[in-house]
Structures are given as C-alpha cells and as structure tokens.
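>
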Amino acid sequence: ALSHCPLPTSVKDPAPTHFVFQIADLPFPVTAIDIAGHSAKDKVISQVLDWVGRGWPKDTGTPEFSPFKIRQQELSTLQGCLLWGNRVIIPQQLQSTIFKV
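In the working numbering, the protein residues as written are 51 to 151.
1. On a CA-only basis, which of 118, 106 and 87 is nearest residue 94? Give me that one, please.
2. Tell me whether residue 101 sits in a helix, a strand or coil according to DSSP, three-state version.
3. At what residues does the alpha helix (DSSP H) containing residue 147 begin and finish?
4. Just the Cα atoms here: how many angstroms apart are residue 88 and residue 105?
5. On the CB-based measure, 16 or more other CB atoms within 10 Å of its CB, does residue 109 come out buried or exposed?
6. CA-CA distance, residue 145 and residue 101?
7. Does residue 90 pass the burial test, meaning 16 or more other C-beta atoms within 10 Å, or should it be called exposed?
8. Using three-state DSSP, classify residue 94 as helix, strand or coil.
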C-alpha cells in the first residue's frame, strides 16, 4: 500500500545547479534570486513548489493548477525556482519584464 505521508525534506537540492545559473549568464534584467523571490510570493507557483517538494494531492482544487498537474512528473525545484525540464517557470509578475528581452 502507498503511504499518504509527505515526502522527506532534504537540506540539499538534488537538481543540477547549472540550469538556473545559466540565467545569470544571459543579459536578462532579472536574476535567479529575483525569480525565486517572486515565485515565493506567487500564489500558484508557491503552491506548486510545495507540491513538488512534498507530494501532489489527488485533486488540486482549481483549474489554475491544471497546467502544472499534467506536467507534475516533469517539474522540479532548484533554489526556490520552479523548473519544467531545463526551463525556468517565470512568475506572472516578471513575465512582462522577461518578454521584453
């Protein structure tokens, strides 16, 4: 039988660090630290970050989580940033800044 207990938390993030740090090498007006800070304040992304770390519920409750739920096996976290494969999920508040680049 499967346990409904949350996954154990780890101090060290097991994801490869070179993906997020590629952001720092690009001429973007935001840094990985900015993205992590805004991710923590974003209602949807902060909840998804929690689920990626602790486990997903059977029902996410609202349709705003659907794009993440169908990709849950492809999502990971690194230093407070949400990753889809090797792509960084940009919080809503920073999207206009990123898209101007």
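Just so you know, even glycine gets a beta-carbon here, dropped at the ideal spot from N, CA and C.
Let me spell this out:
1. Working through the sequence shown from its first residue, we reach residue 94 at position 44. Residue 94 has its Cα closest to that of 118, out of 118, 106 and 87.
2. The sequence position of residue 101 within the sequence shown is 51, counting from 1. Helix at residue 101.
3. Residue 147 sits at position 97 when you count from the first residue of the sequence shown. From DSSP, the alpha helix (DSSP H) with residue 147 extends over 142-149.
4. Here residue 88 refers to the residue found at position 38 when the sequence shown is read from its first residue. Here residue 105 refers to the residue found at position 55 when the sequence shown is read from its first residue. Distance between the alpha carbons of residue 88 and residue 105 is about 22 Å.
5. Working through the sequence shown from its first residue, we reach residue 109 at position 59. Counting of Cβ neighbours within 10 angstroms places residue 109 among the exposed residues, the total staying below 16.
6. Counted from its first residue, the sequence shown places residue 145 at position 95. Counted from its first residue, the sequence shown places residue 101 at position 51. Residue 145 and residue 101: Cα-Cα distance of roughly 22 Å.
7. Locating residue 90 in the sequence shown gives position 40, where the first residue counts as 1. Exposed, by the Cβ-count rule.
8. By one-based count along the sequence shown, residue 94 stands at place 44. Helix, per DSSP.
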